[in-house]
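**Q** Structure below; questions to follow.
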Amino acid sequence: MPVAKPEPARKNAFQSTDAELSRKFLYYMALMREVEERIERRLYRQGKVLGGVYVGRGQEAIPVGSGLAARPDDIFFPSHRDLALYFIRGVTPKQVFAQYMGRRDGLTQGRDGNMHMGDLSKGLVAIISAMAASVPVAAGAAMALKYQGKDSVVFVYFGDGATSRGDWHEGINLATVQKAPLVLVCNNNQYAYSTPLDKQMACANVADRAPGYGMPAEIVDGNDVWAIYEAAKRAAAHARAGLGPYLIECKTFRMTGHSAHDPADYVPKDLFQKWSQRCPIQQLEKRMLDNSWASRQEIDALHQQIKQEVDQAIEQAEQSPYPDPSELLLRVYENEA
Amino acid sequence: MPVAKPEPARKNAFQSTDAELSRKFLYYMALMREVEERIERRLYRQGKVLGGVYVGRGQEAIPVGSGLAARPDDIFFPSHRDLALYFIRGVTPKQVFAQYMGRRDGLTQGRDGNMHMGDLSKGLVAIISAMAASVPVAAGAAMALKYQGKDSVVFVYFGDGATSRGDWHEGINLATVQKAPLVLVCNNNQYAYSTPLDKQMACANVADRAPGYGMPAEIVDGNDVWAIYEAAKRAAAHARAGLGPYLIECKTFRMTGHSAHDPADYVPKDLFQKWSQRCPIQQLEKRMLDNSWASRQEIDALHQQIKQEVDQAIEQAEQSPYPDPSELLLRVYENEA
Amino acid sequence: MLTSYVEAIREGILEEMERDPNVFLLGEDIGVYGGAFKVTAGALERFGARRVIDTPISESAIVGAAIGASFMGLRPVAEMQFADFISCAFDQIVNFAAKCRYRWNAPVPIVVRAPCGGGIHGGPFHSQQNEAWFAHTPGLKVVLPATARDAKGLIKAAIRDNDPVIFFEHKALYRKIKEEIPPGDYTVPIGKAAIHRVGRDLTIVTYSAMVHVAAQVAEIVAREGISLEIVDLRTLVPFDEATVLESVRKTSKVIVLHEATMTGGFGGEIVARITEKAFEYLDGPVLRVTAPDTPVPYSPPLEAAFLPDADKLLAKVRWLAAY
Amino acid sequence: MLTSYVEAIREGILEEMERDPNVFLLGEDIGVYGGAFKVTAGALERFGARRVIDTPISESAIVGAAIGASFMGLRPVAEMQFADFISCAFDQIVNFAAKCRYRWNAPVPIVVRAPCGGGIHGGPFHSQQNEAWFAHTPGLKVVLPATARDAKGLIKAAIRDNDPVIFFEHKALYRKIKEEIPPGDYTVPIGKAAIHRVGRDLTIVTYSAMVHVAAQVAEIVAREGISLEIVDLRTLVPFDEATVLESVRKTSKVIVLHEATMTGGFGGEIVARITEKAFEYLDGPVLRVTAPDTPVPYSPPLEAAFLPDADKLLAKVRWLAAY
Ligand SMILES: Cc1ncc(C[n+]2csc(CCOP(=O)(O)OP(=O)(O)O)c2C)c(N)n1
Ligand SMILES: Cc1ncc(C[n+]2csc(CCOP(=O)(O)OP(=O)(O)O)c2C)c(N)n1
Ligand SMILES: [Mg+2]
Ligand SMILES: [Mg+2]
């Protein structure tokens, strides 16, 4: 029974050839796309997923490029459009579907929904809803790694809108003063819910804020997984070398509403048009073909495989039971089972 | 009975000659110095002032230079080392002493202490203790002035340490997005309580943060009242013209402990030494003498006059009654007397 | 014509904007989008971007700016996208807004609107009912309407009030509650409870969405011969002690019902007032029916187990009635 | 040798740092300066800047960083310079720290120390007693020692606890309370109240500095033949209901005493628990003695009028004893 293709996750990305790496990129990006398609356009509409649904359609290159640039002992603080990070760390599509459907096999066993999930044993820290609240927490995790003399680094993810929060500022400021090994990955998709960038900040780029924290920053094409991968490598090397935080701003676009119930009427149609030309998955595929890293057949087979994998995962997730009401009171504190 | 010299406060600074203006500078700076000397080194030690005492010794040029650059219809949000702003707006030394001593004639009638005082009718907004909490509030006041079509501007004051707070970031970001008429005056005295600048921020200057908000900033000698005055004029003109916030970073030094109970042992002695050479009052006096804007005798007479004024104010303040316990429950809400 | 709870609030806000040019709105996605729950839909079109301000994601700055604008004579109505995010503005609310009048006689006439409550599968961060924090902060008024009529009257009263008002709108009521409301301009006084249902045997003191749970139970037990009186507090601060005590003196049995978690919830305050001031009238222990002391869980069976409902209340009503 | 409350806390912290290399401190001015109240004096000298971190003025980041470090296996002890500033870290505490274990099984073993309380002429922003906010947030433990002995034992227990603990140290006790404490290592269990004084006629349920006010009054009324029992809660959450109820069942009369303002204070919760679970034992109304619903005023006569004290308690004790 072929669940997923486990190799890409396991094999050390650092030793891959370009062709191998590009296949990993494609696998995780396509898997994220497919899983989120099902959640947003099927399960949610079927009423099987309740509550908020936020997806990263069009932004898959960001978690994938950065996530594969990280070492297995690095720590991830994903935001709400970074699903691929979970797959990279070995969380299964079944667990993700179960999480969204509020089932026992979800990472939170039904206690929280959607992307609000984590697993410390896999180096995945769950967000809370409050935008940018993860940033000081990630700063503290990075300080701890330094305290422990480890050379792992922390990757923390956030959107353009989250940069307006006080926590974003406080967390980065503390991390830079402490020279904590922190890689800051901004997905600048130009909107925060319905609010466009120019109502969110008066500077042109999130990266313009880096000098105010004495840290380097670079702006990358957020739809180019290779560019993100390379930038994340540089950022991680910087942080690992004890030089402190490093910001990567990925310019991209949210190819969907803010959440599943949002038709995004406020986004000029031509923007969707324009950015659909720059789909990170299609761009990667083109590059793979151009470089003969994979054939069309191989790519199609990969997509096929993913579809099957996802079909199966949904089936399994739907068999996962709901939590029992008797669990409600457990585990608010230690020793409450 | 000559209480204060009222002219400097009343006369429009905009029409003054340099000599006149320099005398106003000196008057307010020396008055602030004298009042705070009495509070910190006498009344506090005599147990007549209880609670926290924070003074602006060595930093008087900042509130005076900026305060006199403002128009009477501009709004001030002083921080805790900006006493002169109150005098510029017509609050009397007696009221200030009464405030510190918890008497009825203090601006808060004993309900709050020290610099936690305001008077909306004079365009003075009281701080709360939480550093930088005033910044978003000042942003809102500035937004309101724009809303009302007024061309007044808001001056908000804060220290270097306060810039680490989330509120500082959120307030400035909102103000810049909204192009609100806000002048940001930073007293960078290189310490926040016992914490030196390099433990507070990883950039060299507070001004380095301005590009991250798309606003102009300038760094001025915080002990040069004329330089601050000029910078504040530029800043106010910018804000008044509808161009949005403008940051002035005044480099200075706190010539005292953080508060009256703090001997500041953590400050290298030579720093006090070095900065005492740069006393803003002495520097101003030298310039006045060099330019023949005033004679030594005139200057001495001014100091003399201030001492008397202050003696008298203390006497009067000590006669101010304490609030009556029966007032405790009043005015938590409207219509509670 | 029936008006929903959300329409009632919208009407109230728009009427106040019409009436008073100093009233303006600020918050995240309230303009172009009309708000996450469409409470302010149409406001931008009608009043323009000057009076309907889409802000950055900065709850603390939103409340702070509201305070500052109120000092200049404006009457800001700030929206928190969810009540859960009000924690991000906590210092501005409890330390700045709440204390200015007391400290230096500076009124802070702002309204902070906060869509609260569970029942929409929002999980731990989109379902909170955190009014108790604010009810414990002198200087704030705390309002939680349960009906469309009250929602309109109270939002208008809140906007006209000269003190900071935290206005909790229950998300599950937005489109569920529909009723006839008086046409045009009216206010409902802040600080006055309502007798939602007159009864004889037992008083339920409650507020917000739980009023409807109490009403459900009242119908059921009426058939069993138990007559419930329902006191809808409507505002926690100022607390309408007189109305509560009057009902208690009449029925001699009380259950306090709220959706917030139990420990430290406002229910304790209500019980304490009753126990101190109507002790001799009590014919039985004062009970509380509340959510348990956990975060709000997401999964439907857990959320259902978490939320107080008719069954849970019913059991206590029957027990106490028989006491 | 007598140990003061502040020394007891310091000893507890330093011993834990000695015992466990994962324990570290972070906060404003806690290193070079030793903390605004010198609680951590000597820590930097002994353990170095790696384990004693002077932070920027960033309460939210201080708590956030503590949470993050705790995920990595460290045991952070964060200091708020004053409990009043904990509002600036509110979201991190109530939404991040409090809910991780419940949501995704991630323990958050942090301690947030908060010097609280009035009586030092600190005014509205240096005197707050705001424990009730946290007691209403499931997932947090809330500790408020009243004695030096408990302060040391509880700070050590807090540091070893695997849940987030908000540790309120009363500023007025730091140097006022001095007592013999057990030498060396000991802990006091979180969640256990203490019978501070055994009595017969009337129970005072209290905590933090007010324990000493109760003790004062107990001495006075003892001469009048009234025997007070004092329950020092020590921790509000977990709440030691059993000890409180046992005392109430014995004395049948209760006054709840706390320094926090009345409405929405934790006193209501205590009254509600008693009223629900020991109703039949009560020989009189359960009273509360608390600060009134105002900000904490600065001026000495106002502050004195604000703070609960022996006189205010005495009046209620006599009244209830005679009931
Ligand atoms: C503190 C806070 N306020 C409001 C929200 C509601 N909210 C959820 S996502 C979002 C927009 C986030 O924008 P951005 O950070 O750019 O991320 P994106 O969704 O575009 O990836 C908002 C306003 C929130 N989650 N947290
Ligand atoms: C939010 C908050 N945290 C801590 C404090 C305690 N505190 C008062 S002043 C101060 C230092 C302020 O430094 P800075 O902003 O540089 O101003 P300065 O005193 O140097 O003028 C601190 C830590 C506070 N007032 N507010
Ligand atoms: Mg975005
Ligand atoms: Mg400073």
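Protein chains in written order, with this note's numbering: chain A, 1 to 337; chain B, 1 to 337; chain C, 1 to 323; chain D, 1 to 323.
We put the beta carbon where it would ideally sit given N, CA and C, even for glycine.
Please read these numbers as outputs of a predicted model, since none were measured by experiment.
Which two residues bound the contiguous beta strand (DSSP E) that contains A:Ser-121?
**A** Position 121 of the first sequence, counted from the first residue, corresponds to residue 121 of chain A. No beta strand (DSSP E) holds A:Ser-121; DSSP gives it neither H nor E.
**Q** Does DSSP put C:Arg-197 in a helix, in a strand, or in coil?
**A** The sequence position of residue 197 of chain C within the third sequence is 197, counting from 1. In the structure shown, C:Arg-197 sits in a strand (DSSP, three-state: E or B).
**Q** How would you call A:Gln-273, buried or exposed, if buried means at least 16 neighbouring beta carbons within 10 angstroms?
**A** As a first step, residue 273 of chain A must be located in the first sequence, where it is residue number 273. Per the 10 Å Cβ criterion, exposed.
**Q** In chain order, which beta strand (DSSP E) runs of at least 3 residues are fully inside the segment 36-118 of chain B?
**A** With a minimum length of 3 residues, the continuous beta strand (DSSP E) runs that stay inside the segment 36-118 of chain B are 75-77.
**Q** Per DSSP, which residues does B:Asn-187 bridge with? Please list them.
**A** The sequence position of residue 187 of chain B within the second sequence is 187, counting from 1. Per DSSP, B:Gly-159 and B:Cys-250.
**Q** Quick check on this structure: which residue in C:Ala-69, C:Thr-290, C:Val-32 and C:Val-286 has the alpha carbon closest to the alpha carbon of B:Gly-171?
**A** In the second sequence, the residue the question calls residue 171 of chain B occupies position 171. Here the closest residue by C-alpha is C:Ala-69.
**Q** Within 7 Å of any Cβ in chain B, is that where the Cβ of C:Phe-71 sits?
**A** Locating residue 71 of chain C in the third sequence gives position 71, counting from the first residue. With 7 Å as the cut-off, C:Phe-71 counts as an interface residue toward chain B.
**Q** Just to confirm, is the Cβ distance from C:Gln-216 to C:Ala-151 under 7 Å?
**A** As a working mapping, residue 216 of chain C is identified with position 216 in the third sequence. As a working mapping, residue 151 of chain C is identified with position 151 in the third sequence. No, the pair does not count as a contact, with Cβ atoms beyond the cut-off.
**Q** Just to confirm, does C:Gln-81 get its C-beta within under 6 Å of one of the non-hydrogen atoms of ligand 1?
**A** Taking the third sequence and counting its residues from 1, one reaches residue 81 of chain C at position 81. Yes, the Cβ of C:Gln-81 comes within 6 Å of a heavy atom of ligand 1.
**Q** From B:Ala-61 to B:Thr-17, what distance separates their C-alpha atoms?
**A** Translated into positions along the second sequence, residue 61 of chain B becomes position 61. Translated into positions along the second sequence, residue 17 of chain B becomes position 17. Their backbone Cα atoms lie some 18 Å apart in a straight line.
**Q** Is there at least one Cβ from chain B nearer than 7 Å to C:Asn-162's Cβ?
**A** Along the third sequence, one-based indexing puts residue 162 of chain C at 162. Yes - at least one Cβ of chain B is within 7 Å of the one on C:Asn-162.
**Q** Tell me whether A:Tyr-191, by its Cβ, gets closer than 6 Å to a heavy atom of ligand 3.
**A** Within the first sequence, numbered from 1, the residue matching residue 191 of chain A stands at position 191. Yes, the beta carbon of A:Tyr-191 sits closer than 6 Å to at least one heavy atom of ligand 3.
**Q** Is the beta carbon of C:Phe-125 less than 7 Å from the beta carbon of A:Ile-128?
**A** Taking the third sequence and counting its residues from 1, the one referred to as residue 125 of chain C is at position 125. Taking the first sequence and counting its residues from 1, the one referred to as residue 128 of chain A is at position 128. Yes.
**Q** Among A:Asp-112, A:Arg-103, A:Ser-134 and A:Gln-148, which residue has its Cα nearest to the Cα of D:Pro-21?
**A** Residue mapping note: residue 21 of chain D aligns to position 21 of the fourth sequence, counting from 1. The residue with the shortest Cα to Cα distance from D:Pro-21 is A:Gln-148.
**Q** Could you give the DSSP three-state label for D:Thr-235: helix, strand or coil?
**A** For the purposes of this step, residue 235 of chain D is taken as residue 235 along the fourth sequence, with counting starting at 1. Strand, per DSSP.
**Q** Need the endpoints of the beta strand (DSSP E) that B:Leu-225 sits in, please.
**A** Against the second sequence, residue 225 of chain B aligns to sequence position 225. First, the amino acid is wrong: residue 225 of chain B is Val here, not Leu. Element bounds for B:Val-225: not the beta strand (DSSP E) but the alpha helix (DSSP H), 225-240.
**Q** Measuring CB to CB, does D:Ile-230 end up less than 7 Å from D:Val-248?
**A** For the purposes of this step, residue 230 of chain D is taken as residue 230 along the fourth sequence, with counting starting at 1. For the purposes of this step, residue 248 of chain D is taken as residue 248 along the fourth sequence, with counting starting at 1. Taking 7 Å as the Cβ cut-off, D:Ile-230 and D:Val-248 do not qualify as a contacting pair.
**Q** Is there at least one non-hydrogen atom of ligand 1 closer than 6 Å to the beta-carbon of A:Ile-127?
**A** In the first sequence, residue 127 of chain A corresponds to position 127, counting from 1. Every heavy atom of ligand 1 is 6 Å or more from the Cβ of A:Ile-127, so no.
**Q** Check the Cβ of D:Phe-125 against every Cβ in chain B and list those closer than 9 Å, keeping chain order.
**A** As a first step, residue 125 of chain D must be located in the fourth sequence, where it is residue number 125. Those are Asp-112, His-116, Ile-128, Ser-129 and Ala-130, listed as they occur along chain B.
**Q** On the CB-based measure, 16 or more other CB atoms within 10 Å of its CB, does A:Asp-300 come out buried or exposed?
**A** Sequence index remark: in the first sequence, residue 300 of chain A carries index 300 (1-based). It counts as exposed.
**Q** Measure the C-alpha to C-alpha separation of A:Ile-248 and A:Pro-263 and round it to an integer number of angstroms.
**A** By one-based count along the first sequence, residue 248 of chain A stands at place 248. By one-based count along the first sequence, residue 263 of chain A stands at place 263. Cα to Cα, the separation comes out at about 29 Å.
**Q** Any heavy atom of ligand 3 inside 6 Å of the beta-carbon of C:Asp-163?
**A** Here residue 163 of chain C refers to the residue found at position 163 of the third sequence. It does not: the Cβ of C:Asp-163 is nowhere closer than 6 Å to a heavy atom of ligand 3.
**Q** Take B:Val-225 and list the residues in its own chain whose beta-carbon comes closer than 7 Å to its own, dropping the five residues that flank it on each side.
**A** In the second sequence, the residue the question calls residue 225 of chain B occupies position 225. Contacts found: Phe-25, Met-29, Ala-61, Val-64, Gly-65, Pro-280 and Leu-284.
**Q** Return the chain-ordered list of same chain residues with a C-beta closer than 6 Å to the C-beta of C:Trp-319, the five sequence neighbours on each side being excluded.
**A** Numbered from its first residue, the third sequence carries residue 319 of chain C at position 319. The answer is none, since no qualifying residue turns up.
**Q** Can D:Gly-139 and D:Lys-99 be called in contact, C-beta distance under 7 Å?
**A** The residue labelled residue 139 of chain D in the question sits at position 139 within the fourth sequence. The residue labelled residue 99 of chain D in the question sits at position 99 within the fourth sequence. In this structure, D:Lys-99 lies closer than 7 Å to D:Gly-139 by Cβ.
**Q** Are there any heavy atoms of ligand 3 lying less than 6 Å away from the beta-carbon of A:Asp-368, as far as the coordinates show?
**A** Past the edges of chain A, shown from 1 to 337, lies residue 368 of chain A, and the structure says nothing about it.
**Q** From this set, C:Thr-235, C:Gly-122 and C:Gly-184, which residue's C-alpha is nearest C:Ala-135's C-alpha?
**A** Position 135 of the third sequence, counting from 1, holds the residue named residue 135 of chain C. Comparing Cα-Cα distances from C:Ala-135 to each of C:Thr-235, C:Gly-122 and C:Gly-184, the minimum goes to C:Thr-235.
**Q** Taking one C-beta from the segment 236-245 of chain B and one from the segment 301-308 of chain B each time, how about it: are there three or more such pairs within less than 8 Å?
**A** Touching, no.
**Q** Starting from the C-beta of A:Ile-314, find all residues in its chain whose C-beta is less than 7 Å away, skip the five residues before and the five after it, and write them out in chain order.
**A** Taking the first sequence and counting its residues from 1, one reaches residue 314 of chain A at position 314. Same-chain partners within the cutoff: Arg-38 and Phe-97.
**Q** Taking only heavy atoms of ligand 3 into account, decide whether any of them is closer than 6 Å to the Cβ of A:Gly-222.
**A** Translated into positions along the first sequence, residue 222 of chain A becomes position 222. Not under cutoff, so the answer is no.
**Q** DSSP beta-bridge partners for B:Lys-146?
**A** Taking the second sequence and counting its residues from 1, one reaches residue 146 of chain B at position 146. Its beta-bridge partners do not exist; DSSP assigns none.
**Q** Output, in chain order, the set of chain D residues within a Cβ distance shorter than 8 Å of B:Lys-199.
**A** The sequence position of residue 199 of chain B within the second sequence is 199, counting from 1. By Cβ distance, chain D contributes Asp-54, Thr-55 and Pro-56.
**Q** Assuming D:Gly-123 contacts D:Glu-259 (C-beta within less than 8 Å), just tell me the rounded distance between them.
**A** Against the fourth sequence, residue 123 of chain D aligns to sequence position 123. Against the fourth sequence, residue 259 of chain D aligns to sequence position 259. Wrong, their Cβ atoms sit about 15 Å apart, outside the cutoff.
**Q** Just checking: is the beta-carbon of C:Tyr-33 within a distance shorter than 7 Å of some beta-carbon in chain A?
**A** Along the third sequence, read from residue 1 onward, the residue named residue 33 of chain C stands at position 33. Yes, C:Tyr-33 counts as interfacial toward chain A.
**Q** Going by C-alpha to C-alpha distance, which of A:Met-255, A:Leu-330 and A:Tyr-266 sits closest to A:Gln-59?
**A** If you number the first sequence from 1, residue 59 of chain A lands on position 59. It is A:Met-255 whose Cα lies nearest to the Cα of A:Gln-59.
**Q** Using a 10 Å radius around the Cβ and a threshold of 16 neighbouring Cβ atoms, would you call B:Tyr-246 buried or exposed?
**A** Position 246 of the second sequence, counting from 1, holds the residue named residue 246 of chain B. By the 10 Å Cβ count, B:Tyr-246 comes out buried.
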